[in-house]
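Q: Here it is, the structure in full.
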Amino acid sequence: MITAEIVDKWMKLFYSKISEQKAYLSELDTPIGDGDHGNNMMRGMQGVEDSLDKLSDPDLKTILKTVAMALISKVGGAAGPLYGTAFLEMAKNCEKTQAPAELFKLALEGIKKRGGATTGDKTMVDVWAPVVTSLETDSLSVEKIKEAADGTKDLVAKKGRASYLGERSVGHLDPGAVSSQYLFECFIEAGGIR
Amino acid sequence: MTKKIGIVIVSHVPEVAKGIPELLEQVAADVSITSAGGTDDNEIGTSAGKIMDAFERNKAQELLAFYDLGSSKMNLELAVEMSDKKVNIYDVALVEGAYTAATLLEADVALADVEEQLAPLKIK
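So this is what it looks like as structure tokens:
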């Protein structure tokens, strides 16, 4: 069950992870994108931290919505509206359900609608979709998440900046899939599926 | 008199967003044209908040929106969902599309006819 306390811890862990991996994420983005995914995510998570610091004892909906708005306004690249939409969908639905499988499924639908991507397009969807499937069968693990992100290496990009490169994008990991991998690893670490 | 339909330009680059309206104003003095460029920190990117602001600043209640690359459309759509104004987004070549629309709106051409002329400029 997702709670406000878990989201708070989750975002702190994700902030640290992005701080550590900022250079690596931008490096992944350099051959197939515009080389700024790490910096964009860092700016976004700094915004999330600043916004969450101003809240006192928020409920789940408030904290999810605050994360969404910070990401939408601070990230700058495509990751902003995509991650922002994901958290906004969770905020909109968290009074009906707090089950990770259901909330992440609704978030995934929002991401697909916003970006027009589907499974196999070499995007963050290629991590989000298997994560939802694993949650539905109570079998999510750090290994499965990494496997999903690593799987984007062999795909041809159909969406985003990398799609301009077509076949030339094969052999590179998708940066958005890797930042999504970190997001879900941090979710597990925060106690999200206990 | 200001026309009933306005134009909004969205670009990743603040200077591009500022420059295109200057070009359009040459042919459309009475069309309200506003723009949003760059992130909140004026770096390369787009911001749904800045786009919302461009919608609000526009004197028209119905807007035709033109954008440059992928993620600017996502932020545009987010801003449209949060705005009370009616906004139509066009997947056309940015400069040529906006220039075509500006010229036709200034001449009081109906929206359906403007859209017909924009159709061949669709590139994304």
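Heads up: the sequence lines are chains A and B, in that order. Each position in the first sequence, counted from 1, maps to that position plus 157 in the numbering used here. Each position in the second sequence, counted from 1, maps to that position plus 3 in the numbering used here. Glycine is no exception: its CB is placed at the ideal position from the N, C-alpha and C atoms. Note that this is a predicted model, so its numbers are computed, not measured.
1) Under 8 angstroms between beta-carbons, which chain B residues line up against Lys-231 of chain A? List them in chain order, please.
2) Can you confirm whether the region 78-98 of chain B touches the region 52-59 of chain B when touching is taken to mean that 3 or more C-beta pairs between the two stretches lie within less than 8 angstroms?
3) Can you tell me the Cα-Cα spacing of Gly-201 of chain A and Met-168 of chain A, whole angstroms?
4) Just how far apart, CA to CA, sit Arg-318 of chain A and Glu-119 of chain B?
5) Could you compute how far the alpha carbon of Gln-29 of chain B sits from the alpha carbon of Met-4 of chain B?
6) Which residues does DSSP pair with Lys-89 of chain B in a beta bridge?
7) Does the CB of Gly-317 of chain A have a neighbour CB from chain B at under 8 angstroms?
8) By a C-beta neighbour count over all protein chains shown, 10 Å radius and 16 as the cutoff for buried, is Glu-246 of chain A buried or exposed?
9) Return the CA-CA distance between Ile-12 of chain B and Ala-101 of chain B, expressed in angstroms with no decimal places.
10) Excluding the five sequence neighbours on either side, which residues of its own chain have a C-beta within less than 7 angstroms of the C-beta of Ile-54 of chain B, listed in chain order?
11) Which residue marks the beginning of the alpha helix (DSSP H) containing Ile-268 of chain A, and which one marks its end?
12) State yes or no: is the beta carbon of Ala-137 of chain B nearer than 8 angstroms to at least one beta carbon in chain A?
13) Is there a Cβ from chain A that is less than 8 angstroms from the Cβ of Met-77 of chain B?
14) By DSSP's criteria, Tyr-70 of chain B is part of a beta bridge. Which residues make up the other side?
15) Count the other C-beta atoms from every protein chain shown that fall within 10 angstroms of the C-beta of Ala-256 of chain A, then say buried if there are 16 or more, exposed otherwise.
16) For the structure I just gave you, are there three or more beta carbon pairs, one from the region 229-247 of chain A and one from the region 267-285 of chain A, closer than 8 angstroms?
17) At the 8 angstroms Cβ level, is Arg-271 of chain A part of the contact set with chain B, yes or no?
18) What in chain A is Cβ-close to Glu-46 of chain B, meaning under 8 angstroms?
19) Could you give the DSSP three-state label for Thr-275 of chain A: helix, strand or coil?
20) In this structure, does DSSP put Ile-36 of chain B in helix, strand or coil?
21) Is it true that the region 187-199 of chain A meets the region 327-337 of chain A, where meeting means three or more beta-carbon pairs spaced less than 8 angstroms apart?
22) Check whether the Cβ atoms of Lys-305 of chain A and Pro-287 of chain A sit closer than 8 angstroms, and answer yes or no.
23) So, helix, strand or coil for Lys-222 of chain A, using DSSP?
24) Within the same chain, show all residues whose beta-carbon is closer than 6 angstroms to that of Ile-175 of chain A, passing over the 5 residues directly before and after it, in chain order.
25) Tell me the rounded alpha-carbon separation between Gly-234 of chain A and Lys-316 of chain A.
A: According to the structure data:
1) Along the first sequence, one-based indexing puts residue 231 of chain A at 74. Those within 8 angstroms of Lys-231 of chain A in chain B are Thr-42 and Asp-43.
2) The region 52-59 of chain B vs the region 78-98 of chain B: in contact.
3) If you number the first sequence from 1, residue 201 of chain A lands on position 44. If you number the first sequence from 1, residue 168 of chain A lands on position 11. Using only the alpha carbons, I get a separation of about 11 angstroms.
4) Taking the first residue of the first sequence as 1, we reach residue 318 of chain A at position 161. Taking the first residue of the second sequence as 1, we reach residue 119 of chain B at position 116. About 29 angstroms.
5) By 1-based counting over the second sequence, the position of residue 29 of chain B is 26. By 1-based counting over the second sequence, the position of residue 4 of chain B is 1. One C-alpha to the other measures close to 16 angstroms.
6) Translated into positions along the second sequence, residue 89 of chain B becomes position 86. Beta-bridge pairing links Lys-89 of chain B to B:Glu-65.
7) Within the first sequence, the letter at position 160 stands for residue 317 of chain A. Chain B, which has a Cβ nearer than 8 angstroms to the Cβ of Gly-317 of chain A, makes this yes.
8) In the first sequence, counting from the first residue as 1, residue 246 of chain A sits at position 89. Burial call: buried.
9) By one-based count along the second sequence, residue 12 of chain B stands at place 9. By one-based count along the second sequence, residue 101 of chain B stands at place 98. Those two C-alpha atoms are separated by around 8 angstroms.
10) For the purposes of this step, residue 54 of chain B is taken as the residue at position 51 of the second sequence. Within the same chain, Ile-54 of chain B has close Cβ partners Val-13, Ala-39, Asn-78, Leu-79 and Ala-82.
11) To locate residue 268 of chain A, count along the first sequence from 1; it is residue 111. For Ile-268 of chain A, the enclosing alpha helix (DSSP H) stretches over residues 257-272.
12) Since the first and last residues shown for chain B are 4 and 127, residue 137 of chain B lies out of range.
13) Numbered from its first residue, the second sequence carries residue 77 of chain B at position 74. Taking Cβ atoms only, chain A reaches closer than 8 angstroms to Met-77 of chain B, which makes this a yes.
14) Taking the first residue of the second sequence as 1, we reach residue 70 of chain B at position 67. Tyr-70 of chain B is bridged to B:Val-13.
15) Here residue 256 of chain A refers to the residue found at position 99 of the first sequence. Label assigned to Ala-256 of chain A: exposed.
16) yes
17) For the purposes of this step, residue 271 of chain A is taken as residue 114 along the first sequence, with counting starting at 1. It does; some Cβ of chain B falls within 8 angstroms.
18) As a working mapping, residue 46 of chain B is identified with position 43 in the second sequence. By Cβ distance, chain A contributes Gly-233.
19) Mapped onto the first sequence, residue 275 of chain A falls at position 118. In the structure shown, Thr-275 of chain A sits in coil (DSSP, three-state: anything other than H, G, I, E or B).
20) Counted from its first residue, the second sequence places residue 36 of chain B at position 33. Residue state, collapsed to three classes: strand.
21) By the Cβ test, the region 187-199 of chain A is in contact with the region 327-337 of chain A, since at least three Cβ pairs between them sit closer than 8 angstroms.
22) Taking the first residue of the first sequence as 1, we reach residue 305 of chain A at position 148. Taking the first residue of the first sequence as 1, we reach residue 287 of chain A at position 130. Here the sequence assigns Ala to residue 305 of chain A, which means Lys is not the residue at that position. Cβ atoms of Ala-305 of chain A and Pro-287 of chain A: closer than 8 angstroms.
23) Looking up residue 222 of chain A in the first sequence gives position 65. It is helical.
24) Locating residue 175 of chain A in the first sequence gives position 18, where the first residue counts as 1. For Ile-175 of chain A, same chain residues with a beta-carbon under 6 angstroms away, outside a window of 5 residues either side, are Met-198, Met-199 and Met-202 in chain order.
25) As a first step, residue 234 of chain A must be located in the first sequence, where it is residue number 77. As a first step, residue 316 of chain A must be located in the first sequence, where it is residue number 159. So the alpha carbons of these two residues sit roughly 14 angstroms apart.
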